[in-house]
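Below: one structure, written as structure tokens.
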Amino acid sequence: MTYQHSYDRSIADPAAFWAEQADHLAWYRKPAQTLVANPDGTHQWFADGQLNSCYLALDHQIEQGRGEQTALIYDSPVTDTRQTYTFVQLRDEVARLAGLLRELGVKQGDGVIIYMPMVPQAAMAMLACARIGAVHSVVFGGFAANELALRIDDARPALLLTASCGLEFDRVIEYKPLVDKALQLATHQPRQVLVLQRPQARAELREGRDLDWQAAVAAASPVPPVALAAGDPLYIMYTSGTTGKPKGIVRENGGNAVALRFALRHIYGMQPGDVWWGISDVGWVVGHSLIVYGPLMNGCTTVFYEGKPIRTPDAAAYWRVVEQYRVNGLFCAPTAMRAIRKEDPQGELFKRHDLSSLRQIFLAGEKLDSSTHQWLEAASGKAVHDHWWQTETGWPVTAPCVGLEGCGVRPGSSNRAVPGYHVRVLDDDGHLLGPNEQGAIVIALPLPPGCSQTLWGDHARYLQAYLHSHPGYYHTGDGGYLDEDGFVYIMGRTDDVINVSGHRLSTGEMEDLVARHPAIAECAVVGVRDEIKGQVPLGLVVLKDGVSLSEQQLQAELVASVREQIGALACFNQVRVVKRLPKTRSGKILRAVLRKIADHQPYTPPSTLDDPAVLAEIEGVLASLARAS
């Protein structure tokens, strides 16, 4: 297939195009209805079809003769552990865990929270839920107890699965105390907690509620996969919302399976038997699409890595894995490559390892800067591709489709729209813009299969957040432009969600925490550019009259508060005291202006600015930030 032919067909007749793609799946009941439009602007894909995502990932692969092929490679430099599972071995482990979940009373449609590090049992937990039709929600282990509690109350899980600890290169992070605290904070209580004991830290189990994972699974009986409707939810993935309350993105079984088969084959160019490495965490959407479901459903071997790009033991960690397992395709965030570049600016560590198996490197999660792009291509000798997608879409919106002929690439862009995505650019009034005109990036409806069509328990919020701003379009929240050849350039967020090392975090939520400090009169948190992390939050605070607290002590207390409530991954480390914040006459804080001042970008004071003198004061205060960096 050629890119242009596939893209044109997907836009002109999406139902026919995706019906053909759905034919490649092993359905229990093939759908007769491909696409149904709902009155509210959302759509149903393959509504009358039946399938099971775990079956597609494991049982079906065994039926195709891949039972003895390696399905999952676990590589943990932080514990010096290497382990492999064939498709048969992984299926058997998952079937027993699924049997245990059922014995514990988990039914089809029940929620299950998974709060685990990057160990194989995390993938097994996801697949076990999928096997019996439970709806899993994986919460990244780096999140604080308060964040976990919010998700427990929203998902209302019947069961919580966790581990005794997670590991960094220099420390052990005990999970069980965080889980216990989250359950103290949460209103909803899961019936039981299943705990995977790791030797680096043993957890205390509460009698009557907590179960030992290894012992319980050993005594369980395996169960087969159940037939599910294509529209039944597979998982909930929480993403930061601007109100501080996380949004539970819902992914459906049918559309997800069709989309991920298309993505692995035609975007990433992977075939059954290839070795794929999605470098992320199962707490993020990449971990779902490109570590667990996508590779396994496509008959690939997936690498499951517990470690960092550097200091495990050095900046050659990734290249050791590529050589050792003969990795064919790799995905990671630009942050990781910037960290490697900082440690190995001349690319000398690449030369230690044989990278001949690697065909290409894909980067996403934040904007790929040209210098990192050029350095990585030169040092690795491989094609490096930028592409763009979101938690909400679940798979790439724009990308170089290396599995389709004639797609082409253009450095500096996130490349062209993937078949199925009709990407457009609108101005503030909703009018279509032409080539090279910057505005709001939107996607014309219907969204292709795999994209979220609702939020868990709050469909009205989904409609308001994504479909209300521009009727007939999905509002991505990103700004940018298309060039004359259809290549898409993403310039940044249009709301107050910032991207820290590929993690979308709400500055509104951080502002709420900062504002709770008794010394703070008002505040603003904005994202500023960072060489390694892409963006980091900066807190600008106005003190109450008569407060004598030093700026150093205030910063320490605010940093500790955000770390406690959100987690260290927020990278909230910079606070500056200012006399006033720039506002409109109506009292709205001009956050866009603050971002530009902090990033030393030119800006035009809006006509609604209340007091122009405040901008000079802000510039003077933030000059110290530039000197510090």
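Residue numbers for the sequence shown follow the UniProt record's numbering, beginning at 1 and rising by one.
Built from N, CA and C at the ideal position, the CB exists for glycine as well.
Nonlocal neighbours in the same chain, by C-beta distance under 8 Å from Gly472, ignoring five residues either side = Gly41, Ala444, Leu445
Rounded separation between Leu25 and Ala47 - CA only | Going from the Cα of Leu25 to the Cα of Ala47 covers about 15 Å.
Exposed or buried, His468, counting other C-beta atoms within 10 Å across all chains shown (16 or more means buried)?
-> exposed
Beta-carbon proximity check, Met118 vs Glu306, cutoff 7 Å | yes
Looking at C-beta atoms only, is the number of pairs between the region 106–116 and the region 289–308 that lie closer than 8 Å three or more?
-> Touching, no, given that fewer than three Cβ pairs across the two stretches are closer than 8 Å.
contact_flag[the region 203–212, the region 417–432] where n(CB pairs < 8 Å) is 3 or more | Three or more beta-carbon pairs separated by less than 8 Å are not found between the region 203–212 and the region 417–432, which leaves the two stretches without contact.
DSSP-derived helix/strand/coil call for Val139 | coil
Check Tyr474 in the structure and name its three-state DSSP category.
-> strand
Rounded C-alpha distance that separates Asp281 from Ala95 = 23 Å
Neighbourhood of Ala316 by C-beta, 6 Å cutoff - its chain only, sequence neighbours within 5 removed | Leu349, Arg352
Do you know offhand how far Thr507's Cα is from Met1's?
-> 43 Å
What's the C-alpha gap between Cys451 and Arg504?
-> Cα to Cα, the separation comes out at about 18 Å.
Between Asn253 and Ala219, is the Cβ-Cβ spacing less than 7 Å?
-> no
From Val528 to Ser501, what distance separates their C-alpha atoms?
-> 12 Å
Mind checking whether Ala98 and Tyr85 have CB atoms under 7 Å apart?
-> no
Straight-line gap, Leu407 to Gly480 (C-alpha atoms, nearest Å) = It should be noted that the sequence gives Cys, not Leu, for residue 407. Taking the straight line from one Cα to the other gives about 21 Å.
CB of Val250 within 7 Å of CB of Thr454, strictly | yes
Per DSSP, the bridge partner or partners of Cys165 | Residue pairing by DSSP places Cys165 opposite Glu174 in a beta bridge.
List the endpoints of the continuous beta strand (DSSP E) containing Asp75.
-> 70–76
Measure the alpha-carbon distance for Arg29 versus His188 and round it to whole angstroms.
-> 36 Å
Straight-line gap, Glu511 to Arg156 (C-alpha atoms, nearest Å) | 27 Å
Could you give the distance in angstroms between the alpha-carbon of Ser17 and the alpha-carbon of Val418?
-> What sits at residue 17 in the sequence shown is Phe, not Ser. Those two C-alpha atoms are separated by around 13 Å.
Going by DSSP, name the residue or residues bridged to Glu522.
-> Beta-bridge analysis with DSSP links Glu522 to Val542.
Report all residues from its chain with a CB closer than 6 Å to the CB of Arg580; omit the five preceding and five following residues, and keep chain order.
-> Val614
Touch test, the region 171–189 against the region 197–208, Cβ-Cβ under 8 Å, three pairs minimum | yes
What's the C-alpha gap between Val275 and Cys300?
-> 6 Å
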